[in-house]
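As structure tokens, the structure follows; a few thoughts come after it.
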Amino acid sequence: MRRSRFLWKLYAGYAVLILTTAALVGVLVGRSVVDSAEKQAHNELLARARALVADDRMIGWFRADPDKHIQQWFGEQGVATGTRLTAIRADGLVLADSDFNPHQMEDHGTRPEFLAAQSAPVGYNKRRSVTSQIDTMYVAVPVLAGTEFLGVARAAYPLDTVESELAEIRAQVVLGATAAAVVALVLAFVVARRTTRPLVEITSVADAIARGDYRRRAAKTAGDEIGQLATSFNSMAQQLLDRVDTISRDRERLVAILGGMVEGVVATDVNELVTHMNDVAGRILGVSPAQSIGRPIYEVTRSAEISETLGRALHDRDREAAEMVRVGPHEDEVVELRVAPLRGAGGVVDGAIVMLHNVTELRRLERIRQDFVANVSHELKTPITAIRGMAETLVEDADMPIATRERFVEKIKDQSLRLSSLVSDLLTMGRLESEGSLVRIEPVDLARVVDSATTAVAPVADKRRTRVSVDVPGEAVEVLGDQDALEQMLTNLLSNAVKYTPAGGEVWVRLGRSAEVAVLEVRDSGVGIEPIHQKRIFERFYRVDKARSRELGGTGLGLAIVKHISLAHGGDVSFESTPGRGTVFRVRLPLATEDDVA
Numbered sequence: 074m075r076r077s078r079f080l081w082k083l084y085a086g087y088a089v090l091i092l093t094t095a096a097l098v099g100v101l102v103g104r105s106v107v108d109s110a111e112k113q114a115h116n117e118l119l120a121r122a123r124a125l126v127a128d129d130r131m132i133g134w135f136r137a138d139p140d141k142h143i144q145q146w147f148g149e150q151g152v153a154t155g156t157r158l159t160a161i162r163a164d165g166l167v168l169a170d171s172d173f174n175p176h177q178m179e180d181h182g183t184r185p186e187f188l189a190a191q192s193a194p195v196g197y198n199k200r201r202s203v204t205s206q207i208d209t210m211y212v213a214v215p216v217l218a219g220t221e222f223l224g225v226a227r228a229a230y231p232l233d234t235v236e237s238e239l240a241e242i243r244a245q246v247v248l249g250a251t252a253a254a255v256v257a258l259v260l261a262f263v264v265a266r267r268t269t270r271p272l273v274e275i276t277s278v279a280d281a282i283a284r285g286d287y288r289r290r291a292a293k294t295a296g297d298e299i300g301q302l303a304t305s306f307n308s309m310a311q312q313l314l315d316r317v318d319t320i321s322r323d324r325e326r327l328v329a330i331l332g333g334m335v336e337g338v339v340a341t342d343v344n345e346l347v348t349h350m351n352d353v354a355g356r357i358l359g360v361s362p363a364q365s366i367g368r369p370i371y372e373v374t375r376s377a378e379i380s381e382t383l384g385r386a387l388h389d390r391d392r393e394a395a396e397m398v399r400v401g402p403h404e405d406e407v408v409e410l411r412v413a414p415l416r417g418a419g420g421v422v423d424g425a426i427v428m429l430h431n432v433t434e435l436r437r438l439e440r441i442r443q444d445f446v447a448n449v450s451h452e453l454k455t456p457i458t459a460i461r462g463m464a465e466t467l468v469e470d471a472d473m474p475i476a477t478r479e480r481f482v483e484k485i486k487d488q489s490l491r492l493s494s495l496v497s498d499l500l501t502m503g504r505l506e507s508e509g510s511l512v513r514i515e516p517v518d519l520a521r522v523v524d525s526a527t528t529a530v531a532p533v534a535d536k537r538r539t540r541v542s543v544d545v546p547g548e549a550v551e552v553l554g555d556q557d558a559l560e561q562m563l564t565n566l567l568s569n570a571v572k573y574t575p576a577g578g579e580v581w582v583r584l585g586r587s588a589e590v591a592v593l594e595v596r597d598s599g600v601g602i603e604p605i606h607q608k609r610i611f612e613r614f615y616r617v618d619k620a621r622s623r624e625l626g627g628t629g630l631g632l633a634i635v636k637h638i639s640l641a642h643g644g645d646v647s648f649e650s651t652p653g654r655g656t657v658f659r660v661r662l663p664l665a666t667e668d669d670v671a
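Using the working numbering, read the sequence shown as starting at 74 and increasing by one per residue.
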């Protein structure tokens, strides 16, 4: 409470008002008391002077010569009343005085009170007495014989006695005013504190809400306007809490949605300053989302396409789309841009949303699809055209020599075998890429797969004088899979190794295990693969040397089938190749567990 500046401001106002009022009341009361005391003294003196004049002996004493009886009587009256009493004859001679010897007193005919009493019922004056040298109040009453002025009877009282009494009265007034002011200040503090306490509490609750504590509430202490303010404030705080909770839930949902999107999202205001960026956008643009907030988008992205597209969308207030190419560490990335303006209240555009979609893989797959269609068309067209041409020649040329006819028939047979192999590989590829591509799933000993595959390629290896060496462990190496598919995978690898190894070379087949993985290696001493071709050798119909591949009877699908079969078994395939020194392909497959074998 002591830290409440409003309390002390309010209390200071109360204090100024109370002290000012106490001072004014004290001054007015003091002045009134002084006036009353002086009036009372005046009246007392007047009464005593009149009492002197009322005595029947006064006229005789004033007309006769000074008499010792008047002096004696004035002395007795002065002692009895505690007042200085003086008789002054019309010629200014002092006939008697209760305090001093009249024979030693000077002429009083010039005294102000004496002169005033000659023309008025009462003469009054306050001055310093020449005789006593004391500040004195004088009241003089004329002594008349009919209308004849005989002199005055004067009563006097020392002002220092009056002042001492007035000082005491003033002290009592000041003490009373001070006590009243202290009591009023204490009561004012209590009232101010009771008045400001609810306001201080409301202020404290407002500060807590400003810091994020939306559940604090102010206590309703009274039914007055401050109590109504506390009630209204609590209602406002509850509404604010409900709205903040709603906004927080909506924001969390929005962040979850944006975080789960595969597209990058960047939000900007109308000045193109970034207000939000999800992690996907940060990865696409290669920037930190947290450090991008509040910065211009052109400074964050360094992309003219994004800035220009965003500028057009904000200017035209319509959707815009574009495409940009970003230089990547391995290959250029293609990013599709879509910008939509954001409209606020009244339909005014106050920002925009930039959607970033990395379509590099889609473009690559589209290119592969186009190449595949073109290659399939070409690969199918070549043997079909050859078969058709030679068949038509045989039909139309009835006189063709027997040797030529046999050569044509042999070529038709070769082309039909090539066409059959191509169709078979295409069907295999289709089967592997479709759901449920593996025909049978069972424990397979890879040693038997190696034996079967090496037996299948032995005639071709013998024909090319290529030696095939096999390294298989003594115990079974079992995986869970399709034995026919695994045999086809290894056969394709061995066939490629034999075909691309010069006559007299060697091919090695090794089977082993590493941790919980079976490893099949096929190594050759062939021509190897140039680095520029190594990224694409698993693509369908991709050939390093197209002429040599066709000469050797390849379809261009062998390694693609190997990759799909290894992936279908939960494994992977990799290779290492040095041009002129050979290539090694390595297939890793998960080993079958005891439960699988059982």
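Note that CB positions come from ideal geometry on N, CA and C, so glycine has one too.
Rounded to whole angstroms, what's the CA-CA distance from residue i to residue j? Just pull it up for me.
i: N174; j: A252; result: 50 Å
i: G462; j: L490; result: 16 Å
i: G655; j: P414; result: 58 Å
i: G509; j: V657; result: Its pLDDT being 47, under 50, G509 is placed unreliably in this model, and the value from its coordinates should be taken loosely. Distance between the alpha carbons of G509 and V657: 30 Å.
i: S380; j: I370; result: 7 Å
i: S321; j: V432; result: 33 Å
i: E624; j: A588; result: Caution applies to E624, whose pLDDT of 48 falls short of 50 and renders its modelled position unreliable; the value that the coordinates give is listed next. Roughly 41 Å between the two C-alpha positions.
i: S105; j: N198; result: 20 Å
i: I366; j: I275; result: 35 Å
i: L566; j: P532; result: 15 Å
i: A189; j: E236; result: 25 Å
i: V216; j: K112; result: 23 Å
i: E406; j: F611; result: 21 Å
i: V592; j: V545; result: 11 Å
i: V278; j: D108; result: 58 Å
i: T651; j: T455; result: 32 Å
i: E73; j: I242; result: Beyond the ends of the chain as shown, which are 74 and 671, falls residue 73; an answer cannot be given.
i: A160; j: A169; result: 5 Å
i: V582; j: V635; result: 15 Å
i: A665; j: V541; result: 28 Å
Give the DSSP-derived three-state secondary structure of residue i in the structure shown.
i: T574; result: coil
i: I161; result: strand
i: N174; result: coil
i: H430; result: strand
i: R326; result: helix
i: V522; result: helix
i: K112; result: helix
i: L346; result: strand
i: R654; result: coil
i: K199; result: strand
i: T154; result: helix
i: P546; result: coil
i: P194; result: coil
i: D279; result: It should be noted that the sequence gives Ala, not Asp, for residue 279. Looking at A279 - three-state DSSP - the assignment turns out to be helix.
i: D128; result: coil
i: R227; result: strand
i: N316; result: The question names Asn, yet the displayed sequence has Arg at residue 316. Here R316 sits in helix by DSSP.
i: S598; result: coil
i: L625; result: Low per-residue confidence applies at L625: pLDDT is 48, beneath 50, and the placement is therefore not dependable, though the value from the model is reported in the following sentence. Correct three-state label for L625: coil.
i: F262; result: helix
i: I143; result: helix
With distances taken from CA atoms, which of the options is nearest residue i?
i: G639; options: A96, D555, V264, V273; result: At residue 639 the sequence reads Ser, which differs from the Gly that was named. Nearest option by C-alpha distance: D555.
i: T527; options: T156, R136, T564; result: T564
i: V543; options: A291, V580, A279; result: V580
i: D164; options: T183, Q177, G151, V545; result: T183
i: L248; options: P604, V102, G578, V660; result: V102
i: V552; options: R521, V317, K536; result: R521
i: G300; options: E149, L435, V273, I460; result: V273
i: A88; options: R583, V263, R288, E594; result: V263
i: G219; options: M178, Y211, I132; result: I132
With a cut-off of 8 Å on the beta carbons, I'd call residue i and residue j a contact; round off their distance for me.
i: P663; j: G631; result: With a Cβ gap of about 23 Å, P663 and G631 do not count as contacting.
i: A386; j: V412; result: 4 Å
i: A213; j: E186; result: 4 Å
i: G599; j: G578; result: 6 Å
i: A310; j: R284; result: Not confirmed; about 13 Å, so no contact.
i: V195; j: H181; result: Their Cβ separation, rounded to whole angstroms, is 17 Å, which puts V195 and H181 out of contact at 8 Å.
Quick one: is residue i near chain B, going by C-beta distance under 8 Å?
i: A240; result: This model lacks chain B altogether; it includes just one protein chain.
Would you check if there are 3 or more beta carbon pairs closer than 8 Å linking the region 222-236 to the region 125-132? yes
Any chance the region 194-214 sits against the region 89-97, with 3 or more Cβ pairs inside 8 Å? no
Per the contact definition of three or more C-beta pairs closer than 8 Å, is the region 337-350 in contact with the region 422-430? Contact between the region 422-430 and the region 337-350 is established, with three or more Cβ pairs separated by less than 8 Å.
On the three-pair Cβ rule with 8 Å, is the region 373-389 touching the region 345-359? yes
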